[in-house]
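**Q** Sequential numbering of the sequence shown, starting at 291, is according to our numbering.
The beta-carbon is built from N, C-alpha and C at its ideal position, and this holds for glycine as well.
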Amino acid sequence: MKVTTPGSPAAVTLREPLIGIRAVDAHDADALRAFYASLSADTRRKRFLGTSSGIAAERSRAFCTPDHHHAEGFVAVLRAVGPRDGRVVGHLCLENDGAGGIELAIAVADGFQRHGIGRRLFEAARDWACAEGIARITATAFADNSPVLRLLTSAPMGATIRAADGGLVDIEIPLIEERVED
Ligand SMILES: CC(C)(COP(=O)(O)OP(=O)(O)OC[C@H]1O[C@@H](n2cnc3c(N)ncnc32)[C@H](O)[C@@H]1OP(=O)(O)O)[C@@H](O)C(=O)NCCC(=O)NCCS
């Protein structure tokens, strides 16, 4: 896995186990805030569906203290690369949509995209939602955001995509049969 880390023009070779996926916890607040601040303007725009400079400390704390039943979060964390140990390079959050589903939002650090981290975060989210008996995952994205559309429509039961206002689409990923098959 070749990754170009910000601040270093050279590609660094990372083995897959060097990226860990785990549930977010309260200690991640500062690392998560640094992660969002480090994203390119384009990645932040796609993640927050508009201009954003990052997240405030309060929102970062909220992301890091989900109740693990109605809300959850997963982080991709870089391990064993010296001074960057523990750095968050991906985040996926899930929040109850109030209608039997759970709403997903995801971002992967620019230099780490296209290396399977988004897929691993999405699989962790699906496993958690299936275990919780949640019927579907929903998400909203820009209609031309092909990376996230390809990722989210790759689930075993596929996904439906509906046009929404403002150049957005609403995505719905059914889970129930996926749970029954397990
Ligand atoms: C969407 C995003 C999270 C994907 O993360 P990632 O780690 O790059 O994704 P992966 O490497 O695991 O790729 C998973 C799948 O996504 C799709 N994908 C990822 N990058 C892609 C690209 N540049 N073009 C087309 N498809 C792409 C592919 O289908 C890929 O599967 P494949 O490799 O088997 O073809 C990442 O691009 C990102 O952070 N985008 C900005 C934030 C955003 O768009 N958030 C969505 C709002 S909820």
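Could you tell me the distance, in whole angstroms, from the CA atom of residue 309 to the CA atom of residue 381?
**A** Those two C-alpha atoms are separated by around 12 Å.
**Q** Cβ of residue 404 within 7 Å of any heavy atom in ligand 1?
**A** Yes, since a heavy atom of ligand 1 falls inside the 7 Å radius drawn around the Cβ of residue 404.
**Q** So, are the CB atoms of residue 387 and residue 443 less than 8 Å apart?
**A** Cβ distance not < 8 Å, so residue 387 and residue 443 don't count as in contact.
**Q** Can you check DSSP and say which residues form a bridge with residue 393?
**A** Looking at the DSSP assignment, residue 393 forms a beta bridge with 385, 428.
**Q** With contact counted as at least three CB pairs below 8 Å, one residue from each stretch, are the segment 335-354 and the segment 315-324 in contact?
**A** Yes, since at least three Cβ pairs between the segment 335-354 and the segment 315-324 fall closer than 8 Å, the two stretches touch.
**Q** I'd like to check one pair, residue 368 with residue 415: are the Cβ atoms closer than 8 Å?
**A** No; because the gap between Cβ atoms is not below 8 Å, this pair is not in contact.
**Q** If you draw a straight line from the alpha carbon of residue 311 to that of residue 407, how long is it in whole angstroms?
**A** So the two alpha carbons sit approximately 8 Å from each other.
**Q** Going by alpha carbons, who is nearest to residue 340 out of 466, 431, 449?
**A** Of the candidates 466, 431, 449, the one whose C-alpha sits nearest the C-alpha of residue 340 is 431.
**Q** What does the Cβ neighbour count give for residue 457, buried or exposed, with the cut at 16 atoms within 10 Å?
**A** Exposed: under 16 other Cβ atoms inside 10 Å.
**Q** CA-CA distance, residue 398 and residue 379?
**A** Approximately 6 Å between the Cα atoms of the pair.
**Q** Taking 8 Å as the cut-off, decide whether the C-beta atoms of residue 328 and residue 335 are in contact.
**A** No.
**Q** Which first and last residues belong to the beta strand (DSSP E) in which residue 344 is found?
**A** Here residue 344 belongs to no beta strand (DSSP E), and DSSP marks it neither H nor E.
**Q** Quick one: does the C-beta of residue 441 sit closer than 7 Å to a heavy atom of ligand 1?
**A** For ligand 1, at least one heavy atom lies less than 7 Å from the Cβ of residue 441.
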